[in-house]
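> Residue numbers (my numbering): 1 to 169.
Cβ coordinates follow ideal geometry from the N, Cα and C atoms, glycine included.
Have a look at this one.
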């Protein structure tokens, strides 16, 4: 049997008894579980380090090439559109099983080219990519930016056992 103690100022309490067979020694202490960083915190730290290192590189690069744009940025992470969590850009790639009808390279390129290209007004103004989509989102909405098309193409090529890379710059 069990007894429920009275609740403390509206806080819910769950009370239960449990038994171990064979019985545990009386002096057993269970330590508190270790604190674990969330993946968002980890990727946030990685992003800060990357941005700091890239700023140093950009200053050095501008000394070599003074005419180069000074406001370039190369993100290493992006926010997932559906979960709003931060992920590294390579995680947006996933092999896609491509039907045999469009597996020849020309057919695959034609099929991907038939997906509507979007250029958000903000991207047209400042050239910065607003968001990145996973291939499933691109396939469902049948539209996306140049970066989304590149991710979809690479995912299809990975599904066909090709090496595929998305390069930014």
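Residue 20: beta carbon under 7 Å from a heavy atom of the ligand FAD?
In the structure shown, the ligand FAD is absent, as is every other ligand, since no ligand is present at all.
> Tell me, please, whether the stretch 94-112 touches the stretch 65-82 by the rule of three or more beta-carbon pairs shorter than 8 Å.
Verdict: no, contact absent.
> Apart from the five residues on each side of it in sequence, which residues of its chain come closer than 6 Å, Cβ to Cβ, to residue 92?
Contacts found: 132, 134, 151.
> Going by DSSP, name the residue or residues bridged to residue 78.
DSSP lists 87 as partners of residue 78.
> Leaving aside the five residues before and after residue 147 along the sequence, list all residues of the same chain whose C-beta is less than 7 Å from its C-beta, in chain order.
Cβ neighbours of residue 147 beyond the five flanking positions: 129, 132.
> Taking the C-alpha atoms as reference points, what is the distance between residue 20 and residue 158?
Spanning the two alpha carbons is a distance of roughly 50 Å.
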